[in-house]
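Notes for the one structure printed next.
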Amino acid sequence: MADDLLQPYTETEVTAALFQMAPLKSPGPDGDVSACVLSLLNSFLMPPGLNDTNIVLIPKCKYPELLTQFRPISLCNVVYKIASKTIANRLKGLLDRIISPTQSAFVPGRLITDNVLLAFELNHFLNTKAKGGQGYMALKLDVSKAYDKVEWTFLEQVLFKLGFPPRFIRLVMLCVSSVSYSFMLGGRQFGTFIPERGLRQGDPLSPYLFLLCTEAFSSILQRAEADGRIRGVSICRGAPHISHLLFADDTLIFCQASLEGSRAIKEVLETYRRASGQEINFNKSSVAFSRNTRDDLCSQIGADLNIRRENKMELYLGLPSKVARSKKELFSILRDRIWKRITGWNEKLLSQAGKEVSLADGSYYCGHFKLISRTCNSVAHRLAKSALGFAEGSLISLVQWLLL
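Residue numbering for the sequence shown follows our numbering, beginning at 50 and increasing consecutively.
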């Protein structure tokens, strides 16, 4: 019995205890959690301060000097997150009937693998198509500050258009629009301001609301395709035409390479920008063409879209979007990424989170590609040296790696 009492407490136990609290008991100093959450969900009563949010700046690099080198993270109140998660759980069950098949993120029953394999096949088609008079192009778009620029009026209209009941829309908009922000610097809280747009990345509801916004973008593209202004790519006779793939804010657009098509895409992007507030960062976006596309046409389309032309191997969702002749070069990305992380372990005395991420990197690659033995041996060798505490090129291990 003593051993049972001394076992580490688990997340399951904490969750069960939280939701077993009697809603009518006298509240303690932290207030009545269950009654507070239920009053928000059922009566739209938002207690003062419940939706206050702290913003913490996380550096993206080792020695940040510019504000753009920090990533803002929103820290919401736990009680609010319980209510938000409850709404998100209800919404999540409806997404597969609302979100089009071109979007794979956060939708139950859909996998990131779907997008990766489709993008891989389409890019392979573009890379190998050397004959024919009709060329094709693929645009990889980067959305600038995607969550931060969502207009609340646009989100509300999207919810209405998708047929959500007014009461549910009112609850969602209360959660979105009642937020206030403060900055945490050096462990102290500074200032307070009220936003007029945007979704918080720390809010459990935000990813699903953002999917509904991108569904509007998908609908605009589908309408342009139905009108004949954009024609997607079909890799073989009888295959469906695919015009776009979405994974949250990662966007790929495939269409015939023509000035008419590029202008239609510009109109679609401008329409979506005016409605939603979402802007494309053309400096981080790129376009690639099939091999049979004329060079002068490639230059004209690039200039028309104000986007750079990409010829070398690019990543999509962390994986190569096409395979060159050298598989060693292809999988060197995985080797270098893992080596970069385990080098950080030596600096930070073996970070457990870093180990888990590195294992996830390898599993993610193996789920899509069959790794060559040279890559596997190289990764195992470097992991062994790191586990034994040796720097690159130093000493000889006295213990076999297999014994560890």
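Just so you know, even glycine gets a beta-carbon here, dropped at the ideal spot from N, CA and C.
Reference GLU200, options ALA306, ARG120, CYS262, PRO214, closest by Cα | CYS262
Whose C-alpha, out of LYS141, GLY240, SER255, is nearest the C-alpha of GLY247?
-> SER255
Pairwise C-alpha distance: ALA288 and LEU171 = 11 Å
Return the CA-CA distance between SER325 and HIS290, expressed in angstroms with no decimal places.
-> For SER325 and HIS290, the distance between alpha carbons rounds to 27 Å.
Meets three-Cβ-pair contact criterion under 8 Å: the stretch 190–197 and the stretch 319–333 = yes
Determine the closest residue to VAL336 out of GLU319, SER226, THR300, with distance taken between C-alpha atoms.
-> THR300
On the three-pair Cβ rule with 8 Å, is the stretch 337–354 touching the stretch 262–281?
-> no
For GLY236 and LYS178, the rounded distance between their alpha carbons = 57 Å
Considering only residues of the same chain and omitting the five flanking positions on each side of LEU168, which have a CB-CB separation below 7 Å?
-> Just to set this straight, residue 168 is Ala in the shown sequence, not Leu. Correct list, in chain order: LEU294, LEU301, TYR365, SER370.
Considering only C-alpha positions, which residue in the set ILE136, TYR185, ILE148 is nearest to SER311?
-> Closest by alpha carbon: TYR185.
Quick one: complete alpha helix (DSSP H) runs, 4+ long, within the stretch 103–158?
-> 127–141, 144–147
Contact set for VAL105: own chain, Cβ-Cβ below 7 Å, skip 5 residues either direction = ILE122, LEU124, MET233
Inter-residue spacing [alpha-carbon to alpha-carbon] between ASP145 and ASP163 = 14 Å
Buried or exposed (CB count within 10 angstroms, at least 16 for buried), ILE243 = exposed
Express the C-alpha separation of ALA265 and ALA152 in angstroms, rounding to a whole number.
-> Before going on, a small fix: residue 152 reads as Gln here, not Ala. Computed Cα separation, rounded: 12 Å.
Using the Cα positions of VAL127 and LEU99, report the straight-line distance between them to the nearest angstrom.
-> 9 Å
With a Cβ-Cβ cutoff of 8 Å, do PRO108 and PHE93 count as a contact?
-> no
ALA337, DSSP secondary structure in three states = strand
ALA273 beta carbon less than 8 Å from that of VAL317 = yes
Kindly provide the ranges of any alpha helix (DSSP H) runs that are 4 or more residues long and lie completely inside the stretch 184–220, ordered along the chain.
-> Within the stretch 184–220, the complete alpha helix (DSSP H) runs of at least 4 residues are 201–210.
Using the beta-carbon count (16 or more within 10 Å), is GLN183 buried or exposed?
-> exposed
For CYS347, is the classification buried or exposed, using 16 other Cβ atoms within 10 angstroms of its Cβ as the cut-off for buried?
-> buried
Give the C-beta separation of CYS85 and PRO97 to the nearest angstrom, bearing in mind that I take them to be a contact with Cβ-Cβ under 8 Å.
-> CYS85 to PRO97, Cβ: 12 Å. No contact.
Limits of the unbroken beta strand (DSSP E) element including ASN295 | Looking at the sequence itself, residue 295 is Leu, so the reference to Asn does not match. 293–296 is the extent of the beta strand (DSSP E) around LEU295.
Locate the beta strand (DSSP E) running through LEU301, then write down its first and last residues.
-> It spans 299–305 - the beta strand (DSSP E) in which LEU301 sits, taken as one unbroken run.
Please report the residue range of the alpha helix (DSSP H) in which GLY310 lies.
-> 308–325 is the extent of the alpha helix (DSSP H) around GLY310.
Look at the alpha carbon of GLY142 and the alpha carbon of PRO157, and state the distance between them as a whole number of angstroms.
-> 7 Å
Distance CB(THR320)-CB(ILE269) smaller than 8 Å | Yes. Within cutoff.
Report the option in ILE148, ALA297, GLN271 whose CA atom is closest to the CA atom of ILE161.
-> ALA297
Coil, strand or helix - VAL422 by DSSP | As written in the sequence, residue 422 is Ser, which differs from the Val given in the question. Residue state, collapsed to three classes: helix.
How would you write the range of the alpha helix (DSSP H) that THR465 sits in, first residue to last?
-> Outside the displayed span of the chain (50 to 453) sits residue 465, for which this structure offers no information.
Local conformation of ARG358 per DSSP, three classes | strand
Is it buried or exposed for ALA313, if we count other Cβ within 10 angstroms and need 16 for buried?
-> buried
For ILE231, write down the residues that DSSP places opposite it in a beta bridge.
-> At residue 231 the sequence reads Ser, which differs from the Ile that was named. Residue pairing from DSSP places SER231 in a beta bridge opposite ASN103.
Thinking ASP353 and LEU308 are a contact (beta carbons under 8 Å), I'd like their distance in whole angstroms, please.
-> 6 Å
For GLY240, name the three-state secondary structure that DSSP assigns.
-> strand
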